[in-house]
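**Q** Residue numbers (this note's numbering): 116 to 342. We put the beta carbon where it would ideally sit given N, CA and C, even for glycine. As the structure is a computational prediction, the values presented were derived from the model and not from experiment.
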């Protein structure tokens, strides 16, 4: 004989959902408080485990939007008792987390693209002396590098070489100077610079952090230095 599966009874959850549904449709927004008190802390921790932007205010924002979504009654009224109410709500919440993660990923990609444009725009660099706006942009970058210099001279040096158009090997050659004929040492330093430049908390990330701080200081954003 096979193992007999016991079908779980979610009738209690179903009755609760229908009661809340009825009250929400009658414009009683307080009907959601019972669920809020029961699941708020659990849902907060659930979001924290899965979300990419783990800032507390972002987690709270996603959770608040979720509760507001429930107030329109549609989600609660659609519950059919096929799983627990908690599982049903977590499924909805997980989709909100996925949406936020996608948005966060797109935002990071746009920031990387904008930063690359700022650092690699040769026309902007070359015409700086004849264009007042471009001079302001250059001063902003110089201020950022100065801020970076105070905290990490090594990163500032790498950024300056990057802005001059040097690749990782050329950066290593410049640092080694007359020792660049030692191929093994050159390869080792090239790989070290690449790792430092691209790692999560490396040179580029450090520069971005200081550039964002500088932009906030002057009440600007990326569009102000790209246009």
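Label residue 148 either buried or exposed according to how many other C-beta atoms from any shown protein chain fall within 10 Å of its C-beta, with 16 as the threshold for buried.
**A** The residue in question, residue 148, is exposed, as its Cβ has fewer than 16 Cβ neighbours within 10 Å.
**Q** In the segment 144–205, which residue ranges form an unbroken beta strand (DSSP E) of at least 3 residues, counting only runs that do not cross its ends?
**A** Entirely contained in the segment 144–205, not one beta strand (DSSP E) run reaches 3 residues.
**Q** Closer than 8 Å is the cut-off here; do at least three beta carbon pairs connect the segment 209–217 with the segment 151–160?
**A** Judged by Cβ distances under 8 Å, the segment 209–217 makes no contact with the segment 151–160, as fewer than three pairs qualify.
**Q** According to the neighbour-count rule (16 or more other Cβ atoms, all chains shown, within 10 Å of its Cβ), is residue 150 buried or exposed?
**A** By the 10 Å Cβ count, residue 150 comes out buried.
**Q** Can you check whether the CB of residue 124 is closer than 8 Å to the CB of residue 199?
**A** Contact flag unset, no.
**Q** Can you tell me whether residue 314 is helix, strand or coil according to DSSP?
**A** DSSP places residue 314 in coil when its eight states are reduced to three.
**Q** For residue 218, which three-state DSSP category applies?
**A** Correct three-state label for residue 218: helix.
**Q** Measuring CA to CA, which of 288, 222 and 319 is closest to residue 270?
**A** Closest by alpha carbon: 319.
**Q** With DSSP as the reference, label residue 297 as helix, strand or coil.
**A** Coil at residue 297, not helix or strand.
**Q** Whose CA, out of 322, 262 and 308, lies closest to the CA of residue 291?
**A** The residue with the shortest Cα to Cα distance from residue 291 is 308.
**Q** Is DSSP giving residue 325 helix, strand or coil here?
**A** Helix, per DSSP.
**Q** Can you tell me whether residue 335 is helix, strand or coil according to DSSP?
**A** Residue 335 falls in the coil class under three-state DSSP.
**Q** Just verifying my parser: in three-state terms, what is the DSSP assignment at residue 139?
**A** Residue 139: helix per DSSP, three-state reduction.
**Q** Reducing DSSP to helix, strand and coil, say where residue 124 ends up.
**A** Residue 124 falls in the coil class under three-state DSSP.
**Q** With DSSP as the reference, label residue 306 as helix, strand or coil.
**A** DSSP places residue 306 in helix when its eight states are reduced to three.
**Q** CB-CB under 7 Å to residue 188, same chain, minus the five flanking residues each way: which ones, in chain order?
**A** Here the set comprises 136, 139 and 140.
**Q** Roughly how many angstroms lie between the CA atoms of residue 126 and residue 327, to the nearest whole one?
**A** Going by the C-alpha atoms only, they are around 53 Å apart.
**Q** Helix, strand or coil, according to DSSP, for residue 266 in the structure here?
**A** DSSP places residue 266 in helix when its eight states are reduced to three.
**Q** Looking at C-alpha atoms only, which residue of 322, 170, 152 and 182 is the closest neighbour of residue 262?
**A** Of the listed residues, the one whose Cα sits closest to residue 262 is 322.
**Q** With H, G and I counted as helix, E and B as strand and the rest as coil, what does DSSP make of residue 292?
**A** Residue 292: helix per DSSP, three-state reduction.
**Q** By the 10 Å Cβ neighbour count, where 16 or more other Cβ atoms means buried, how is residue 183 classified, buried or exposed?
**A** Exposed.
**Q** Got a sec? Which residues, its chain only, sit under 6 Å from residue 311 by beta carbon, not counting five neighbours each side?
**A** Excluding positions up to five away in sequence, the list reads 317 and 318.
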